[in-house]
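K.L.:
A single structure is presented below for examination.
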Amino acid sequence: MSVRATARITAVRDGRGATTLPVLESDGPLALRRTRAALPGAARVTVVGAMSAPLGGDRLTVEARAGRGARLTVDSAAATVALPGPGPAARPARYDIVLTAAEGAEIDWRPEQLISAHGSSLHMTTRAELAPTARLMLREEQILGRHGETTGTLWSRLTVRRAGRPLLDQQTAYGPGAPGGWDGPAVLGGHRAFGQLLVVDPAFDDGGPDTRLLGATAVLTRLAGPAVLVSVLAADARELRTVLDRAADELAARPSG
């Protein structure tokens, strides 16, 4: 039997300048826990998997909203593993992330890896709506197959709108059923880990990092807006995280407006 679950997070700034969490609603396999934030005045939520999910046919959603001036970090306690559903005719699973940041708000979205296990089928979407002065740091890591196995089918779409206008809209597809050539030298070239780091910051209006290579299979791209996108191919999850962490540290150290 498939599972439908929606977990909700709302962060607001109180009169003392601290971020509080008036809404923290867990549902099904999506258990939300308040955890200690690294920065003063911020709030942090960790997503803890309460059961194996997503399985074929499941539909899971996480909605996170940061109100005016709020600072919210969302991470996860462990990797998310997309698994096959029961029976050969199981429908694809869906996992939807919806992020909303108001004026002056900050969302730092950094879950652990998403692993596409052999035989699984997952459609994942991440949508972010940002006010003009909002900030977003978003990390995605996709691992194609567990150790020693081939990947499942993974469709992923990332859409970001700022001030009501499109900032980024991209889609990737891997595994059985994906367009031909997904595993070829012009796409993955034998790599089994793909990740990206998106940073949207109004401070980049006055000059952000220039587009450049970060390695043989990593690039930092300045977008047409106050944002940069780091895209990385790697042999495994450890190598991928190392490159993304290095890029995140560099971008976090920039002067901010």
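In this note's numbering, the protein residues as written are -17 to 239.
Just so it is clear, CB atoms sit at the ideal spot from N, CA and C, and this is done for glycine as well.
1) One question on the structure: do Gly127 and Ala155 come within less than 8 Å of each other, judged by their Cβ atoms?
2) Measure the Cβ-Cβ separation of Ile79 and Leu118 and say whether it is below 8 Å.
3) Taking only three categories from DSSP, how would you classify Arg220?
4) Express the C-alpha separation of Ala230 and Thr224 in angstroms, rounding to a whole number.
5) May I ask which residues mark the beginning and end of the beta strand (DSSP E) holding Thr82?
6) Say whether the segment 81 to 88 touches the segment 123 to 138, bearing in mind that this needs 3 or more beta-carbon pairs closer than 8 Å, one atom from each stretch.
7) Does the Cβ-Cβ distance between Pro11 and Ala(-13) come in under 8 Å?
8) In chain order, what residues of the same chain have a beta carbon less than 7 Å from the beta carbon of Gly207, not counting five sequence neighbours either side?
9) Short of 6 Å in beta carbon distance, which residues of its chain neighbour Ser138, apart from the five on each side in sequence? Order them along the chain.
10) Give the single residue among Thr62, Arg16, Ala19 whose Cα lies nearest to the Cα of Ser102.
11) Around the Cβ of Leu179, are there at least 16 other Cβ atoms within 10 angstroms (buried) or fewer (exposed)?
12) Write down the C-beta distance between Ile(-9) and Ala46 rounded to the nearest angstrom, noting that I regard them as a contact closer than 8 Å.
13) What's the call for Gly157, buried or exposed, on a 16-neighbour Cβ count within 10 Å?
14) By the three-class DSSP mapping on this structure, what secondary structure does Glu131 have?
15) Could you please give the first and the last residue of the uninterrupted beta strand (DSSP E) stretch that includes Pro184?
16) Beta carbon of Gln153: closer than 7 Å to some heavy atom of the ligand SAM?
17) Would the beta-carbon of Val214 fall within 8 Å of that of Gly190?
18) Would you check if the distance between the CB atom of Thr1 and the CB atom of Arg53 is smaller than 8 Å?
19) So, is Arg26 buried or exposed, given that buried needs 16 or more other C-beta atoms within 10 angstroms?
20) Measure the beta-carbon distance from Val29 to Val44 and round it to whole angstroms, keeping in mind my assumption that it falls under 8 Å.
21) In three-state DSSP terms, what is Asp165?
22) Within the continuous beta strand (DSSP E) that includes Ala48, where are the two ends?
23) Which runs of the beta strand (DSSP E) spanning at least 3 residues fall entirely within the segment 91 to 122, listed in chain order?
24) Tell me whether Arg174 is buried or exposed, calling it buried when 16 or more other Cβ atoms sit within 10 Å of its Cβ.
25) Which residue wins for smallest C-alpha separation from Arg50, given the options Gly(-3), Ala35, Ala19, Gly39?
26) Given Ser58, which residues of its chain have a CB within under 6 Å of its CB, disregarding the five upstream and five downstream residues?
P.N.:
A quick look at the data gives this:
1) Taking the sequence shown and counting its residues from 1, the one referred to as residue 127 is at position 145. Taking the sequence shown and counting its residues from 1, the one referred to as residue 155 is at position 173. Result no, Cβ atoms of Gly127 and Ala155 do not sit closer than 8 Å.
2) Taking the sequence shown and counting its residues from 1, one reaches residue 79 at position 97. Taking the sequence shown and counting its residues from 1, one reaches residue 118 at position 136. No, these two residues do not count as a Cβ contact at 8 Å.
3) Looking up residue 220 in the sequence shown gives position 238. Looking at Arg220 - three-state DSSP - the assignment turns out to be helix.
4) As a working mapping, residue 224 is identified with position 242 in the sequence shown. As a working mapping, residue 230 is identified with position 248 in the sequence shown. Their backbone Cα atoms lie some 10 Å apart in a straight line.
5) Along the sequence shown, read from residue 1 onward, the residue named residue 82 stands at position 100. Note, Thr82: beta strand (DSSP E), 75 to 83.
6) no
7) Here the question's residue 11 lines up with position 29 in the sequence shown. Here the question's residue -13 lines up with position 5 in the sequence shown. Yes, these two residues count as a Cβ contact at 8 Å.
8) By 1-based counting over the sequence shown, the position of residue 207 is 225. Hits under 7 Å: Arg144, Leu149.
9) As a first step, residue 138 is located in the sequence shown; it is residue number 156 there, counting from the start. Only Met106, Thr154 meet the Cβ criterion.
10) If you number the sequence shown from 1, residue 102 lands on position 120. Here the closest residue by C-alpha is Thr62.
11) The residue given as residue 179 occupies position 197 in the sequence shown. Looking at its Cβ environment, which holds 16 or more other Cβ atoms inside 10 Å, Leu179 is buried.
12) If you number the sequence shown from 1, residue -9 lands on position 9. If you number the sequence shown from 1, residue 46 lands on position 64. Their Cβ separation, rounded to whole angstroms, is 4 Å, which keeps Ile(-9) and Ala46 in contact under 8 Å.
13) Locating residue 157 in the sequence shown gives position 175, counting from the first residue. So Gly157 counts as buried.
14) Taking the sequence shown and counting its residues from 1, one reaches residue 131 at position 149. Coil.
15) Within the sequence shown, numbered from 1, the residue matching residue 184 stands at position 202. No beta strand (DSSP E) holds Pro184; DSSP gives it neither H nor E.
16) Of ligands this structure carries none, so the ligand SAM is not represented either.
17) What you label residue 214 is simply residue 232 of the sequence shown in a count that begins at 1. What you label residue 190 is simply residue 208 of the sequence shown in a count that begins at 1. Not closer than 8 Å, so no.
18) For the purposes of this step, residue 1 is identified with residue 19 of the sequence shown, where counting begins at 1. For the purposes of this step, residue 53 is identified with residue 71 of the sequence shown, where counting begins at 1. Yes. Within cutoff.
19) The residue you call residue 26 lines up with position 44 of the sequence shown. It counts as buried.
20) Numbered from its first residue, the sequence shown carries residue 29 at position 47. Numbered from its first residue, the sequence shown carries residue 44 at position 62. Going by Cβ atoms, the distance from Val29 to Val44 rounds to 7 Å, so yes, they are a contact pair.
21) By 1-based counting over the sequence shown, the position of residue 165 is 183. Coil.
22) Locating residue 48 in the sequence shown gives position 66, where the first residue counts as 1. Note, Ala48: beta strand (DSSP E), 41 to 48.
23) 96 to 98, 103 to 112
24) On the sequence shown, residue 174 is found 192 positions in, with the first residue counted as 1. Looking at its Cβ environment, which holds 16 or more other Cβ atoms inside 10 Å, Arg174 is buried.
25) Working through the sequence shown from its first residue, we reach residue 50 at position 68. Of Gly(-3), Ala35, Ala19, Gly39, the residue nearest in Cα terms is Gly(-3).
26) In the sequence shown, counting from the first residue as 1, residue 58 sits at position 76. Val29, Pro93, Glu94, listed in sequence order.
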